[in-house]
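Numbered per this note's numbering, the sequence shown finishes at 325, counting up by one with no gaps.
To start, the structure under review is shown below, and the notes come after it.
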Amino acid sequence: MPNPIPILLDGDPGHDDAMAWMLAQSSPLLEIRGVTSVCGNQTIEKTTYNAQRVMTLLGIDAPLAKGRPGPLAGAAMPAPSVHGESGLDGPILPEPAVFPVEGPACALMAWVLEESPEPVTIVPTGPLTNVASLLLTRPDLKGKIAGISMMGGGVTHGNWSPAAEFNILVDPEAADLVFRSGVPITMAGLDVTEKALVFPEDFETIRALGNPVARVVADWLEFFYGFHQKLGYAGAPVHDAVAVAALIAPELFQMEEMYVAVETEGVYCRGATIGDRYQLSGRAPNARVILDLDRADFVALLTRAAAAYGG
Ligand code: RIB
Ligand code: CA
Numbered sequence: 015m016p017n018p019i020p021i022l023l024d025g026d027p028g029h030d031d032a033m034a035w036m037l038a039q040s041s042p043l044l045e046i047r048g049v050t051s052v053c054g055n056q057t058i059e060k061t062t063y064n065a066q067r068v069m070t071l072l073g074i075d076a077p078l079a080k081g082r083p084g085p086l087a088g089a090a091m092p093a094p095s096v097h098g099e100s101g102l103d104g105p106i107l108p109e110p111a112v113f114p115v116e117g118p119a120c121a122l123m124a125w126v127l128e129e130s131p132e133p134v135t136i137v138p139t140g141p142l143t144n145v146a147s148l149l150l151t152r153p154d155l156k157g158k159i160a161g162i163s164m165m166g167g168g169v170t171h172g173n174w175s176p177a178a179e180f181n182i183l184v185d186p187e188a189a190d191l192v193f194r195s196g197v198p199i200t201m202a203g204l205d206v207t208e209k210a211l212v213f214p215e216d217f218e219t220i221r222a223l224g225n226p227v228a229r230v231v232a233d234w235l236e237f238f239y240g241f242h243q244k245l246g247y248a249g250a251p252v253h254d255a256v257a258v259a260a261l262i263a264p265e266l267f268q269m270e271e272m273y274v275a276v277e278t279e280g281v282y283c284r285g286a287t288i289g290d291r292y293q294l295s296g297r298a299p300n301a302r303v304i305l306d307l308d309r310a311d312f313v314a315l316l317t318r319a320a321a322a323y324g325g
């Protein structure tokens, strides 16, 4: 067994963030060194509280720090239609036994990078505000970041505007900074995550595992599917779990290296991720963009992860 990959989880849980963290915590291939909350699908107070509850449920034993109150520029964009008023509606979760440390998210990220003998991979599943803040405040630590495996963007379309995916649209300035940073990026955008569908029959397989985490995961899937079903999806797209799965089981995914630019201006396209698939810009690739996956194997990976909480 190789040494586990040290990771920092950075998200706005969120149903699919929570399932991404469930997958990460269950895997012997990963070691969670820190967790940071970001203002995304709900206010930073709500996403931090949700991070505390999810870490408690999953038994994640790592320091947690609270992110900035909002994006680097522009206003926050809560999304209660997707994740509910709490940001993580659905099953009842344990009250937190985990509490944030003093100091902002980017300071905890810097501390983890400094303390780690080996470079650490950052796994953002919300807006890139904290990662950009880290790069702005501690550019000297760039070399300690092994890579960024993120959920966000899409080279063909958006979901929160016709051109932009939610996580990038919330903080395009942060995303622009991250994509231009030179840190190796694996981008799980809508191109693949909308195919990362867990079907209603899969919910029941997971529920039947019978352990408390698996039951919560099945309820999260059901809640998350409620929003997407109205849009015509055949299942719940567990976007954020793709960013974690790409580290654990890269063989499940098809990826292409390309240059990705983030549009920060524009009447129609603010927050769009423009992927140069045909190398028209002459710029060297800055991202491995995941374009497709083996859905059945992805669902099997999530199911095995939920089963692992059964002891
Ligand atoms: O567009 C998908 C992203 O926005 C995911 O990170 C999900 O959690 C949602 O809030
Ligand atoms: Ca998210």
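Backbone N, C-alpha and C define an ideal beta-carbon position, used for all residues, glycine too.
Keep in mind the model is a prediction, meaning the values are calculated, not measured.
Counting only the same chain and skipping the five closest in sequence on each side, list residues whose C-beta sits under 7 Å from that of residue i.
i: V313; result: V212 and D216
i: A160; result: P133, V134 and T135
i: P18; result: P42, L43, L44 and E45
i: M69; result: V49, L78 and V112
i: L23; result: W35, A38, I46, V49 and V137
i: V96; result: N55 and F241
Does residue i pass the burial test, meaning 16 or more other C-beta atoms within 10 Å, or should it be called exposed?
i: P20; result: buried
i: Y282; result: exposed
i: S41; result: buried
i: F113; result: exposed
i: S295; result: exposed
i: R9; result: Any property of residue 9 remains undetermined from this structure, which presents the chain solely from 15 to 325.
i: G224; result: exposed
i: G285; result: buried
i: M15; result: exposed
i: P141; result: buried
i: P176; result: exposed
Quick check: the Cα distance between residue i and residue j, rounded to an integer number of angstroms?
i: S147; j: A76; result: 21 Å
i: A298; j: A257; result: 23 Å
i: T61; j: C53; result: 7 Å
i: T139; j: L43; result: 19 Å
i: G117; j: R221; result: 38 Å
i: Q56; j: G101; result: 5 Å
i: I262; j: T219; result: 22 Å
i: E265; j: A202; result: 14 Å
i: L107; j: A321; result: 18 Å
i: N181; j: G325; result: 34 Å
i: G25; j: D31; result: 6 Å
i: T200; j: Y273; result: 12 Å
i: V126; j: A260; result: 22 Å
i: Y247; j: V206; result: 14 Å
i: A228; j: P27; result: 17 Å
i: E99; j: Q293; result: 43 Å
i: Y323; j: V231; result: 11 Å
i: A121; j: L71; result: 25 Å
Give every residue of the same chain whose Cβ lies closer than 8 Å to the Cβ of residue i, excluding the five residues on either side of it in the sequence, and list them in chain order.
i: L204; result: G167, G168, T170, H171, G172, N173, E179 and H253
i: G249; result: L211, V212, F213, P214, D216, Y239 and H242
i: A124; result: L148, T151, R152 and L155
i: A319; result: M36, L37, S40 and S41
i: R302; result: P198, I199, T200, M201, M269, E270 and E271
Using CA coordinates, which residue listed in the options is at the minimum distance from residue i?
i: D154; options: V197, P42 and D185; result: V197
i: E109; options: G73, V134, P83 and L122; result: G73
i: V135; options: A321, R47, G246 and A248; result: The sequence as given places Thr at residue 135; Val does not occur at that position. When each option's Cα is compared against that of T135, the closest is R47.
i: A189; options: L71, E99 and E277; result: E277
i: D308; options: K209, E270, A34 and G285; result: K209
i: G157; options: L316, V231, S195 and A121; result: S195
i: G84; options: A121, V184 and M15; result: V184
i: D311; options: P226, A255 and A177; result: A255
i: E279; options: V231, Y323 and E187; result: E187
i: A87; options: Q293, L191, A119 and E59; result: L191
i: P251; options: L316, F193, P226 and V230; result: L316
Residues in the same chain with beta-carbon distance under 6 Å from residue i, minus the five sequence neighbours each way, listed in chain order, please.
i: G104; result: D233, W234 and F237
i: S51; result: T61, T62, A65, K80 and G81
i: Q268; result: L305 and D306
message: Tell me whether the stretch 283-291 and the stretch 232-245 touch, counting them as touching only if at least three CB pairs, one residue from each stretch, are closer than 8 Å.
response: Of all C-beta pairs linking the stretch 283-291 to the stretch 232-245, fewer than three are shorter than 8 Å, placing the two stretches out of contact.
task: Take every Cβ of the stretch 89-108, pair it with every Cβ of the stretch 121-133, and state whether three or more of those distances are shorter than 8 Å.
output: By the Cβ rule, the stretch 89-108 does not count as touching the stretch 121-133, because fewer than three pairs are nearer than 8 Å.
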